[in-house]
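Read the structure below first, then the notes.
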Amino acid sequence: MRRIEEHGVRRSACSLCGFIAYRNPVPACGVLIRRRGTILLARRGHEPKKNAWGIPAGFMEYGEHPEKTAVREAREETGLRVKLTGLFGVYAGRDDPRTRAVLILFHARVLGGRLQAGDDAIELGYFPLDRLPRPIAFRSHREALRDLRRMNRPGTIRRNESR
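Residues 1 to 163 (our numbering) make up the sequence shown, in order.
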């Protein structure tokens with residue numbers, strides 16, 4: 001391996017074949033599930049950020065569509081079947097020690113299922129936006145929740161979201 005500079009970025013390249021190793025962010029998707037002025041959050045059962053709270057979300061599988069990832073992660077972590085009702089936002093994740101992530105969040109409406117923590121979630125709870133539990137696991141989640149709070153202030157035009 002050797003180091004090269006390409007487009008102002010230092011990269012690793014194979015000395016024999018010239019293959020360049022690109023370190024790209026990994027896509028993750030999640031859902032904002034609202035109920036009577038509250039938001040559903042999941043407490044993490046594993047590192048990184050074990051015992052911190054976050055939005056139900058997870059990494060995309062290779063070849064998986066973002067919407068499918070969001071629905072799958074909702075089911076795995078919360079036990080709920082959801083319908084996506086719109087795109088909320090996209091956030092850059094910079095504080096996960098495993099990788100850099102691009103978090104794609106959708107508004108979601110519950111269709112059915114039974115609320116039960118699963119996969120890497122060990123506890124679930126609905127929280128008022130002005131009384132969220134601490135700590136919130138990732139900066140991208142904190143930024144999304146901040147944006148959601150701002151959207152819900154009196155006098156603010158609301159985006160398409162489920163109630």
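All C-beta atoms in this analysis are idealised placements derived from N, C-alpha and C, irrespective of residue type, glycine included.
Pair within 9 Å by beta-carbon distance, A52 and E77: Within the sequence shown, the letter at position 52 stands for residue 52. Within the sequence shown, the letter at position 77 stands for residue 77. No, the Cβ-Cβ distance between A52 and E77 is not below 9 Å.
Candidates L32, G86, T99, R109, of which the one nearest L148 by Cα: As a position in the sequence shown, residue 148 is number 148, starting the count at 1. It is L32.
Collapsed DSSP secondary structure at T38 in the structure displayed: Locating residue 38 in the sequence shown gives position 38, where the first residue counts as 1. Correct three-state label for T38: strand.
Proximity winner among R146, L145, G118, relative to R44 (alpha-carbon distances): In the sequence shown, counting from the first residue as 1, residue 44 sits at position 44. Proximity to R44 across R146, L145, G118 peaks at G118, based on C-alpha coordinates.
Among R72, L103, H7, nearest to R142 - alpha-carbon criterion: One-based indexing of the sequence shown puts residue 142 at position 142. Closest option to R142, Cα to Cα, is L103.
Residues near R94 by beta carbon distance below 7 Å, same chain, minus five either side: Start at 1 with the first residue of the sequence shown, and residue 94 comes out as number 94. Excluding its 5 nearest sequence neighbours in each direction, R94 has C-beta neighbours in its own chain below 7 Å: R100, R139, listed in chain order.
beta-carbon A101 near the ligand SAM non-hydrogen atom, thresh 8 Å: Looking at this structure, you won't find the ligand SAM or any other ligand, since it has none at all.
Through-space distance from I4 to P66, alpha-carbon basis: Along the sequence shown, read from residue 1 onward, the residue named residue 66 stands at position 66. Along the sequence shown, read from residue 1 onward, the residue named residue 4 stands at position 4. Rounded to whole angstroms, the separation of the alpha carbons of I4 and P66 is 33 Å.
CB of L105 within 9 Å of CB of A70, strictly: The residue labelled residue 105 in the question sits at position 105 within the sequence shown. The residue labelled residue 70 in the question sits at position 70 within the sequence shown. Judged by their CB atoms, L105 and A70 are nearer to each other than the 9 Å cut-off.
Pick from G18, Y22, D96, L115 that is closest to G79, judged by C-alpha positions: Here residue 79 is taken as the residue at index 79 of the sequence shown, counted from 1. Restricting attention to G18, Y22, D96, L115, the CA atom closest to the CA of G79 is found in L115.
Neighbourhood of E64 by C-beta, 8 Å cutoff - its chain only, sequence neighbours within 5 removed: For the purposes of this step, residue 64 is identified with residue 64 of the sequence shown, where counting begins at 1. If we look at E64 and ignore the five residues flanking it on each side, its Cβ neighbours are R72.
Identity of the residues DSSP links to P128 by a beta bridge: One-based indexing of the sequence shown puts residue 128 at position 128. Assignment of beta-bridge partners to P128 by DSSP yields T38.
Supposed contact pair V90 and A108 - C-beta distance, whole angstroms, cut 8 Å: By one-based count along the sequence shown, residue 108 stands at place 108. By one-based count along the sequence shown, residue 90 stands at place 90. A108 to V90, Cβ: 16 Å. No contact.
Whole alpha helix (DSSP H) elements within the region 65-102, 4-residue minimum: Along the region 65-102, the alpha helix (DSSP H) occurs as fully enclosed runs of 4 or more residues at 66-78, listed in sequence order.
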